[in-house]
Amino acid sequence: TWSPVSDKGVPFRWTSISSTGINNQQGLLKTSTSDTLGPARLDYLRGDPADEQRDGGTFRNRSHILGDIVDSNPLYIAAPHGLYPDASYQAFKKAQAGRMPVLYVGANDGMLHALDASASPSVGGRELFSFIPNGVFDHLKSLADPSYNSGHRFYVDGSPSAADVQFSDGTWHTELVGGLDNGGDSIYALDITDPATMVTESGVASKVLWEFTDGDMGRSYSRPQIARVKKGSGTEFVVVFGSGYNNSSQKPFLYFVDAETGTLVKKIDLCQGQPSAVCDLTQPNGLSSPAVVSVDGTGLVSRVYVGDLQGNLWKVDVSSGSSSTWTASPIFKAEDAGGTPQPITTVPTVSLHPLYPAKSGFLVYFGTGQFLGAPDITTTSKQTFYGVWDNNWPSPVTRADLVQQTITTGTSATSLKVRFLSANPLDWSKDKGWYADLPDQGERSITDSRLEQGRVIFTTYVPSVGKCSGGGTSWLMVLDFANGSALKLPEI
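This note's numbering runs 110 ahead of the 1-based position in the sequence shown.
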């Protein structure tokens, strides 16, 4: 785990975690000052079943030691595959080409789990280690409470990300970063360069790099991304993430922190100086997950795209070597035909213009809609999928600048329920992209889209509203990235 007192990784042992000050981890594992079960509760969280009720103890009976995995997408890491041209990085890639493959995933037992992903049946699937962020300590003791099953909580529910970074001493490392989604308000970082050395408590503790939080951060739904940016005449690696949702100010902030140390490099209040048409400060807002873009394909990031809950698509220019001159601007406002803002909760997908190099700039693809809490189940507002052309326009793109494609539903010759899309042409001399409204009531786009061989691929979701029904219905959509219409040939 991370000790907020010593500012370093420590074994998750009673004698190692902090016991003083505002971040008293021992105190957070007790139900009261007179509670003597703190050490036993910690052992329970480590997986020891001796004090479960069925064995004569007082702690909750568990059906599995591994907690439930809900929103955290598993991350597979094996050999490095970055695009950096540095000779030192190429040597790093060669040295790590045979690295042990590992699967990393967050769970609601309060832990990020690292599982051996080797194909060998004798070792594949074994747990190498777990990491408990300090950001979930407030509610760890609830996991041992026998009444916990009547009120599930989220803990390490965010999806981890990873990339190769160069530290200040010139050495290269593979770094994993992650948030907690609804489990807390922090971002953590681990050095996972050599997982073979991370099979002991001391080995893992030495690879915990930092944990970051801030007073303007809300629930850390914003999935952090690692970016190499200019710094003076050289470069530096930063971790980029949004303030998430439900922060105290209800305003969107974008953070850049040093990838090696976790120190703050830049914090941008995106709504500062913006008119109420862009940022309505009387309504809650929050910042979602960013997309970092390398314009020249070398891995050097010069811009960041990110959406917020009021439908703003932001572009942040980080091309300058000085973070003091980085600028943010809204480039599009997602609104339905009646002018109601549409929340953006997914990571934008970015491509060069379909007619590049004849046309410069980027197309930014994203869907709208949210599914963050119980009130969202019955939401029926119209949501949309967009492809917006960013070409450094003097003013933000509007819905009127885009060509509409329509989606209709029908039945195939084999009685399969299918969808059809219009093929309205785009005139790139005046049009600035396209959009398609999602036709079903309550339909929304809440998972990240992908771009594959000229195809934008995304799913949509309509939740079930009945109290006795679960799940919902989904569509898998595959559109032509250039105009949002159906592909000219069937998928094979």
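All residues carry an ideal CB built from backbone N, CA and C; glycine is no exception.
Everything numeric in this text was worked out from a predicted model, so none of it was measured.
Practice task
Assuming S532 and S432 form a contact by the criterion Cβ under 8 Å, report the distance between their Cβ atoms to the nearest whole angstrom.
Solution key: Rounded, the Cβ-Cβ distance is 47 Å, inconsistent with contact.
Handout entry: Burial state of I175, where buried means 16 or more other Cβ atoms lie within 10 Å
Key = exposed
Problem - Within the segment 114-192, ranges of the alpha helix (DSSP H) (whole runs, at least 4 residues) - result: 135-138 and 148-155
Exercise for the section: Return the chain-ordered list of same chain residues with a C-beta closer than 6 Å to the C-beta of S269, the five sequence neighbours on each side being excluded. Expected result: S182, N183 and R333
Problem - Reference V388, options G449, F591, A150 and N502, closest by Cα - result: G449
Handout entry: Buried versus exposed call for D279 [16 or more other C-beta atoms within 10 Å across all chains shown]
Key = exposed
Practice task
Report yes if the CB atom of V212 is closer than 8 Å to the CB atom of A229, and no otherwise.
Solution key: no
Practice task
Output the residue ranges of the beta strand (DSSP E) runs that lie fully inside the segment 415-447 and measure 3 residues or longer, sorted by chain position.
Solution key: 422-427 and 437-443
Handout entry: Which residues DSSP lists as bridging Y466, in chain order
Key = For Y466, which the question treats as bridged, DSSP gives no partner whatsoever.
Problem - Spatially closest choice to L300 from P400, R151, G288 and L380, by CA coordinates - result: G288
Problem - Three-state secondary structure assigned by DSSP to P535 - result: coil
Practice task
In the DSSP assignment, find the unbroken alpha helix (DSSP H) run with G294 in it and report its ends.
Solution key: That residue, G294, is in no alpha helix (DSSP H); it is neither H nor E in DSSP.
Practice task
Run the CB neighbour count on V575, radius 10 Å, all protein chains shown included, and call it buried at 16 or more, exposed below.
Solution key: exposed
Practice task
For N502, count neighbouring C-beta atoms within 10 Å of its own C-beta (all shown protein chains included) and say buried if the count is 16 or more, exposed if not.
Solution key: exposed
Exercise for the section: Sort out for me which residues DSSP pairs Y365 with in a bridge. Expected result: F351 and K377
Practice task
Entirely within the segment 561-600 and at least 3 residues each: give me those beta strand (DSSP E) ranges in chain order.
Solution key: 565-573 and 582-590
Exercise for the section: Inspect the CB distances between the segment 311-319 and the segment 396-415 and report whether three or more fall short of 8 Å. Expected result: no
Problem - Endpoints, the alpha helix (DSSP H) within which S198 is located - result: A197 to A205
Handout entry: Residue range of the unbroken beta strand (DSSP E) whose run includes G477
Key = F472 to G477
Problem - Neighbourhood of F169 by C-beta distance below 6 Å, restricted to the same chain and skipping five residues each side - result: Y154, D161, E162 and A254
Problem - Spatial distance of P440 from G352 (CA atoms) - result: 15 Å
Handout entry: Distance CB(W544)-CB(G497) smaller than 8 Å
Key = yes
Exercise for the section: For L391, name the three-state secondary structure that DSSP assigns. Expected result: coil
Practice task
Could you pull out every residue in the same chain whose Cβ sits closer than 6 Å to the Cβ of I302, ignoring the five residues on either side in sequence?
Solution key: T284 and L286
Practice task
For F472, count neighbouring Cβ atoms within 10 angstroms of its own Cβ and tell me buried if that reaches 16, exposed if not.
Solution key: buried
Exercise for the section: Starting from the Cα of S555, find the closest Cα among T455, R509, V588 and V411 and give me that residue. Expected result: T455
Practice task
Go ahead and label V426 buried or exposed: buried means 16 or more other beta carbons lie within 10 angstroms of its beta carbon, across all protein chains shown.
Solution key: buried
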